[in-house]
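Numbering (this note's numbering), first residue to last: 107 to 406. Worksheet: one structure, shown below.
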C-alpha cells in the first residue's frame, strides 16, 4: 500500500520539477477553462460546426503572422472574425444553406493556410500551428493567453444573462429589447478569441474539441445552466492536468492527451449519466418492463 501511494505521489511530483511542465499546466488549464465556459453556449446554440470553421479559418492568419514576425493572435483574430463575417454575408445573399457555406469557407481558408505554410522556410512551424506547442510556450505566449482569457471571461461574466437568454430563446430575447444579431456577433467574436487562446495548447486541428466536448459532457450531467458552466470548467481542468502528466510519462502528444481525456469524460457521461446515460436508461427501461410483466395477472 505504501509503495502504491509513493508511486502515485511521484507520478504527480516528478513532472512538476520541470519548468516546461508547469508552464504547460498553466496554459492548458487557462485555455481549458475559457474553452469550457464558451462551449456551454456553443452546445446550446448548436454551433459545433461554426467552432470547427473558425478554428480552421484562422490558419492563414497565424501563418502570415509568423512570416511577418507579428504575434500570431493578430492574424488569427483578423482571419477568424473575417471568416465569420464572410459566412454571414454569403448566407444572407445566396440560396446556399448555412452549413454548406460554413463548409466552403472553412475548407477554403484552411487550404489557403496550407499553401502559405508551404512557403514558410522552416517546417517546424507547421507542427506548432497544427498540433500546438504547449510544452514550449514562452513568457510572451503565456501573457498572451492570460490576457485574452481574461478578456473573454470578463465579457462572458458581464453579458452572461443576455447570452443565456439568446441561447435558450432568441425570440423572447428580442421581445425584451435584446438584439439577437448583436449577441450572435458578440458570441462569434468570443469564439474567435477563444480559438486563439486554445491554439497554444492543442493546435488548430484539435481546438474544436476543446470548444465542444466540455459543454457537451456537462449537458449530459445537469439541466441547470449555471451548474453546467461549473461542471464544464471542472472537466476541462481535470483533462488538462491528466493530459499534461500523461504526455510527460508516456512521451506522447500533450494536446492529443488533453483532448482524449475530455473524450473519456464525455464517454463516461454518455454511458453513466444518472438521467441521460445510455446504460442507465437501458437499465431503467428493463426494470419498467419487468414491473409491467409482474403486474399482469393471468386470466382466469
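Here a beta-carbon is modelled for each residue, glycine too, at the ideal position from N, C-alpha and C.
Proximity of residue i and residue j at Cβ, strictly below 7 Å
i, j, result
"residue 170", "residue 186", "no"
"residue 306", "residue 140", "no"
"residue 372", "residue 310", "no"
"residue 190", "residue 178", "no"
"residue 138", "residue 342", "yes"
"residue 143", "residue 262", "yes"
"residue 212", "residue 163", "yes"
"residue 354", "residue 121", "yes"
"residue 308", "residue 148", "no"
"residue 161", "residue 257", "no"
"residue 207", "residue 360", "no"
"residue 369", "residue 349", "no"
"residue 338", "residue 146", "yes"
"residue 166", "residue 218", "yes"
"residue 272", "residue 279", "yes"
N- and C-terminal bounds of the alpha helix (DSSP H) containing residue i
i, result
"residue 338", "331 to 356"
"residue 275", "Looking at the DSSP string, residue 275 is not in any alpha helix (DSSP H), and its letter there is neither H nor E."
"residue 314", "286 to 327"
"residue 244", "Premise fails: residue 244 is in no alpha helix (DSSP H) and is neither H nor E."
"residue 207", "204 to 223"
For residue j and residue i, the rounded distance between their alpha carbons
i, j, result
"residue 126", "residue 153", "34 Å"
"residue 259", "residue 109", "42 Å"
"residue 250", "residue 383", "39 Å"
"residue 111", "residue 117", "10 Å"
"residue 113", "residue 270", "45 Å"
"residue 201", "residue 215", "21 Å"
"residue 346", "residue 340", "10 Å"
"residue 276", "residue 292", "14 Å"
"residue 183", "residue 172", "14 Å"
"residue 123", "residue 358", "19 Å"
"residue 325", "residue 274", "13 Å"
"residue 434", "residue 286", "Absent from the model: residue 434. The displayed extent of the chain is 107 to 406, so no value can be given."
"residue 248", "residue 362", "20 Å"
"residue 298", "residue 209", "17 Å"
"residue 156", "residue 376", "23 Å"
"residue 381", "residue 255", "33 Å"
"residue 229", "residue 175", "Below a pLDDT of 50, predicted positions are generally treated as unreliable, and residue 229, at 48, falls in that range; no measurement from the model is reported."
"residue 129", "residue 242", "8 Å"
"residue 294", "residue 188", "11 Å"
"residue 374", "residue 351", "21 Å"
"residue 290", "residue 268", "11 Å"
"residue 336", "residue 193", "32 Å"
"residue 196", "residue 302", "24 Å"
"residue 407", "residue 150", "This structure gives no information on residue 407, because the portion of the chain shown stretches from 107 to 406."
Three-state class that DSSP yields for residue i in the structure shown
i, result
"residue 115", "helix"
"residue 382", "coil"
"residue 270", "helix"
"residue 201", "coil"
"residue 78", "Residue 78 lies beyond the stretch modelled for the chain, which goes from 107 to 406, so this question has no answer here."
"residue 229", "Because residue 229 carries a pLDDT of 48, less than 50, the predicted location of this residue cannot be relied on, and the following value inherits that uncertainty. Correct three-state label for residue 229: coil."
"residue 359", "coil"
"residue 238", "coil"
Chain D within 7 Å of residue i, Cβ atoms only
i, result
"residue 214", "The structure shown contains no chain D; it is built from a single protein chain."
Ranges of the alpha helix (DSSP H) found wholly within the segment 108 to 183, counting only runs of at least 4: 108 to 119, 125 to 151, 154 to 163, 165 to 174
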